[in-house]
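A quick write-up on the structure given underneath.
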Amino acid sequence: MNLFVATFESVAVLLGIGIIGFYIIRKDVLPKNVISALSPLALEIALPSIIFINIISDFNPTTNPTWWQLPLWWGAFTVIAFILTHLFMLISEKKSRAEFGLSLFYQNGIFFPLAILTGMFTPAEDYIVALFLFTLFFPAFFFTTYPYFFRKRQLKQKSKLPIKKILHPAFVATLLALLVVFLGIENNIPGLLLSILTLLGAMTVPLLMLILGGNIYIDFQKQGTLQLKETAKFVLTKNIIFPLIFLGIIILLKDFLTPTIALLILLQSAVPPLTAAPLVTERLHGDRTLVSQFLVASFLLSLLSLPLMVYLFEFFY
């Protein structure tokens with residue numbers, strides 16, 4: 003029950019920060035166009051900073067010799083999620099199948115688990131490092147694959163390999179931090195630089211949630227008809243069925259999974275869609291407002307569904 007309460011409080015904190023972001027933009031405390039400027043600050047500066055600091059401070063390959071398995075388990079999770087996504091896309095309307103699939107497949111795999119793990123455990127450093135190693139390839143994977151779900155709507159055209167997206171700052175920060183640790187030079191990094199990165203990293207989750215709240219208000223102004231049926235099907239799948247299926251898989255593989263890896267897989271399956279989903283949907287000429295409805299509904303339901311899934315997880319780990 004303690005983990006249920008801790009998870010509930012962590013999601014409620016995220017929701018509260020998102021509401022503040024909604025209010026800030028609604029009251030014109032900040033202009034709407036500042037949201038697009040804040041996103042790179044969060045994703046390309048704050049996030050890499052928190053990853054770098056946590057790994058060089060708390061990662062020890064000697065005491066955790068199986069760390070390399072974490073990104074491999076993420077790969078296995080992604081393959082299963084991809085198959086399930088295509089199966090459940092069949093329940094959506096044909097006209098919104100791409101939006102349904104993209105929102106279902108790309109989860110908020112870093113920021114939600116980061117906040118939840120911090121609320122669950124004290125200290126949480128080992129779990130946070132495991133999260134960053136588990137999601138090592140996720141940013142590059144997302145930015146290079148998200149057009150897949152809209153491939154039938156796109157004109158056939160040659161496109162260059164997005165090297166800048168593959169070498170996402172979060173990915174580079176993780177590799178750099180691992181290199182520093184394996185070379186044993188973490189103690190040679192100036193304390194002033196570490197303090198700067200620590201302060202930058204601390205604003206990662208609050209900044210992302212403020213941006214999410216602001217984007218929700220902007221999308222709220224553009225809303226057409228609420229698509230309640232599609233949204234209900236989506237949240238039932240994303241918040242309830244997906245995590246229950248993965249919980250079953252985790253139980254079957256209990257002898258092969260450490261509790262940390264099992265918890266990370268469960269959280270990945272249970273968190274709401276990626277906050278960037280509406281933006282990339284618009285970029286691909288999809289229905290951004292529908293994806294925003296998916297995102298908001300999943301976010302609100304996760305206030306109860308996430309603690310429930312963690313509570314069920316407790317019975318087995």
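With the working numbering as the guide, the letters of the sequence shown map in order to residues 3 to 319.
Positions of the beta carbon are idealized from the N, C-alpha and C atoms, including for glycine.
Bear in mind that the values here come from a model prediction, so they are computed numbers and not experimental data.
* Is residue 287 buried or exposed, if buried means 16 or more other CB atoms sit within 10 Å of its CB? -> exposed
* Would you grab the beta carbon distance between residue 307 and residue 272 for me? Rounded to a whole angstrom, and I think it's under 8 Å. => 7 Å
* When you compare only the Cα positions, how much space is there between residue 144 and residue 277? -> 12 Å
* Compare the beta carbon distance of residue 279 and residue 293 with 7 Å and say whether it is the shorter of the two. => yes
* Asked: DSSP on residue 275, reduced to helix/strand/coil?
  -> strand
* Asked: The alpha helix (DSSP H) spanning residue 60 covers which residue range?
  -> 49-60
* For residue 152 versus residue 236, is the C-beta distance shorter than 7 Å? -> no
* Where residue 317 and residue 9 are concerned, what is the direct C-alpha to C-alpha distance, given to the nearest angstrom? -> 16 Å
* In the DSSP assignment, what residue or residues form a beta bridge with residue 109? -> 275
* Is residue 193 helix, strand or coil by DSSP? -> helix
* Using the beta-carbon count (16 or more within 10 Å), is residue 137 buried or exposed? -> buried
* To do: Give a yes or no on whether the C-beta atoms belonging to residue 72 and residue 135 are separated by under 7 Å.
  => yes
* Give the single residue among 64, 21, 11 whose Cα lies nearest to the Cα of residue 219. => 21
* Secondary structure, alpha helix (DSSP H): runs of 4+ residues fully inside the segment 264-313 -> 279-285
* **Coarse secondary structure for residue 94, derived from DSSP in three states** => coil
* Asked: What is the DSSP secondary structure of residue 223, counted as helix, strand or coil?
  -> helix
* Throw me the rounded Cβ distance for the residue 5 and residue 313 pair, which I believe falls under 8 Å. => 7 Å
* Asked: What number of angstroms, rounded off, separates the C-alpha of residue 87 from the C-alpha of residue 79?
  -> 12 Å
* Considering only the beta carbon of each residue, do residue 214 and residue 48 sit closer than 7 Å? -> no
* To do: Confirm, please, whether the CB-CB distance from residue 146 to residue 112 is below 7 Å.
  => no
* Ends of the alpha helix (DSSP H) at residue 28? -> 4-28
* Asked: Taking DSSP as the reference, what is the three-state secondary structure of residue 205?
  -> coil
* Asked: Are the beta-carbon atoms belonging to residue 13 and residue 302 less than 7 Å from one another?
  -> no
* Asked: Just how far apart, CA to CA, sit residue 209 and residue 60?
  -> 24 Å
* Kindly indicate the opening and closing residues of the alpha helix (DSSP H) around residue 1. => Not covered by the structure: residue 1. The range shown for the chain is 3 to 319.
* Asked: Considering only the beta carbon of each residue, do residue 55 and residue 175 sit closer than 7 Å?
  -> no
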